[in-house]
Each structure stands twice: as structure tokens, then as C-alpha cells.
Amino acid sequence: MKFKILGMLLSAGVILAACGNDDDDNNQSNNNQNQNQTEQTNSTNDSDDAQDSDDQTQQNSNSQQTRHVSDIQTSPDQAIETAKKSFDGDLKSIEYKQENGEWIYEVNLVNGNEEGEVKVSDSDNKVINVHKEQDNDNEQNETINEKDAIKYEDAVKKAQDEVSGELKQWTLNDDDGQLVYEVELMDGTQEKEVQLDAKSGDIISTDQ
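In mature numbering (1 follows the signal peptide of the UniProt record, and there is no 0), the protein residues as written are -17 to -1, 1 to 191.
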């Protein structure tokens, strides 16, 4: 009788031990699943964070390369007047752009056979650099009168109404006898260019 009871107790112990092992296995399996889910979630979050970081970097890069019209501090007329104090000549072209991290006007003037390129800072309307050279070509230099053109603000707005983007640079010059604005815009990583009749404001062409 004692042997029978002892046998029954041993059998019960084996069954309990087996159940305990099953519980341990289940707990371990659940822990592994939870760990895998956590790792997958962390991986997804890391990917999202990396994408957000890339997007922010791109936005910062674009904001450094582009300019809002309201942030322009020196008018074209002021820049031309300042440039003519360093080089006395007639206006050939004027360009607004970023150079070496600074927003500037590049004013091109002509006086007879001599050409002057004067760079004026937008921030304080001061001359940054003056470059002069002799033009030995017999061709007549076409000069322009900026007073004949619509305001650059209007030209930029018309360009942005035609194609989306932020201002990268604009130029006013003579193109085969026609006074034109060339407005360059940035839309994300894409560059776009709009050419307008500077007198009427009509769109001549777009390149995007």
C-alpha cells in the first residue's frame, strides 16, 4: 500500500513538473514575442525619425537657398544707384541672387568699351566688389532702363502664380531687343524658371 501511494505521489510530481515546464516555455515564448514586437516598433520609430530628419534637413537647405520677397532689404533702384557711385555707366542688367551665403545684387554697367560688374549687399546696400574690363567687341552693348519694367515683386508673383516654388533668383536684362525678367524658383529639390515680358508682365516661357 505504501508503494502504491508513493508511486501515485511520484506520478503527480512528474505531471506538475511537466506543467511547470510548459508554463515556463509559454512565458519564454511570450517574452520573445514581446521583445520582437518592441524591436520592430523601435525600428519603425527609428525609420520614421530618420525620414523626419531628412525632411527637416531638406527644408532647411531649401530655406537657405531661397528668399521671400518681403525679406529683401534693398530695392533694385537703391542697388543701381549705389553701383553707379563705384562705376559710372548705363545699366546692362541686374540680378538678385545668393552668393557665398549672402544675398546680393549683381549690377552690370557699360561705359563706352568698358564694362563694370558691381556687387552690392542686400543687407546694407554697400558695395562688396567691383570688377572692370575692356570690351573690345564691335557689337553695341544693349542697355536697359529699369523704369520701363514692372516691379520685381510683381514679376516674382506672376512667376509663382504660373508655377509653384520659392524665389531663388531673378534677373532683368535685354534678350534680343526685348526687356525680360528671368525668375528662378525652387520647389523642393526641383528648379523652375519663368521668363516674362518685363514691360507687360506676360509669361513668355516656363522651364520646369
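Cβ coordinates follow ideal geometry from the N, Cα and C atoms, glycine included.
Residue from the options with nearest C-alpha to residue i
i: asparagine 128; options: Gln173, Val90, Lys115; result: Val90
i: serine 53; options: Glu97, Asp137, Ala66; result: Asp137
i: lysine 80; options: Phe70, Lys68, Pro59; result: Pro59
i: tyrosine 135; options: Glu78, Glu85, Gly99; result: Glu78
i: valine 166; options: Gln56, Ile55, Ala181; result: Ala181
i: alanine 132; options: Trp86, Gln178, Val163; result: Val163
i: glutamine 117; options: Asp170, Glu100, Ile87; result: Glu100
i: leucine 168; options: Ile55, Asp159, Gln178; result: Gln178
i: serine 147; options: Asp170, Asp158, Trp153; result: Asp170
i: isoleucine 63; options: Gln161, Asp159, Ser183, Leu155; result: Leu155
i: glutamate 85; options: Trp153, Gln47, Gly160; result: Gln47
i: histidine 51; options: Asp73, Gly184, Trp153; result: Trp153
Residues bridged to residue i (per DSSP)
i: threonine 126; result: In the DSSP output, where bridge partners are listed per residue, threonine 126 has none listed.
i: isoleucine 186; result: Leu179
i: aspartate 157; result: Leu162
i: glutamine 152; result: Glu167
i: glutamine 173; result: Asp170
Supposed contact pair residue j and residue i - C-beta distance, whole angstroms, cut 8 Å
i: asparagine 124; j: lysine 75; result: 6 Å
i: lysine 151; j: threonine 49; result: 6 Å
i: phenylalanine 70; j: lysine 130; result: Contact doesn't hold; Cβ gap of about 20 Å is too wide.
i: tyrosine 88; j: threonine 126; result: Between threonine 126 and tyrosine 88 the Cβ distance is about 17 Å, and since that is not below 8 Å, they are no contact.
Handout entry: the region 99 to 119 touching the region 181 to 189, judged by at least three CB pairs closer than 8 Å
Key = no
Practice task
Count the CB pairs spanning the region 129 to 142 and the region 110 to 117 that are closer than 8 Å, and state whether there are at least three.
Solution key: no
Practice task
Count the CB pairs spanning the region 91 to 101 and the region 170 to 179 that are closer than 8 Å, and state whether there are at least three.
Solution key: no
Exercise for the section: Enumerate, from N- to C-terminal direction, the unbroken alpha helix (DSSP H) stretches of 4 or more residues contained entirely within the region 35 to 117. Expected result: 59 to 69
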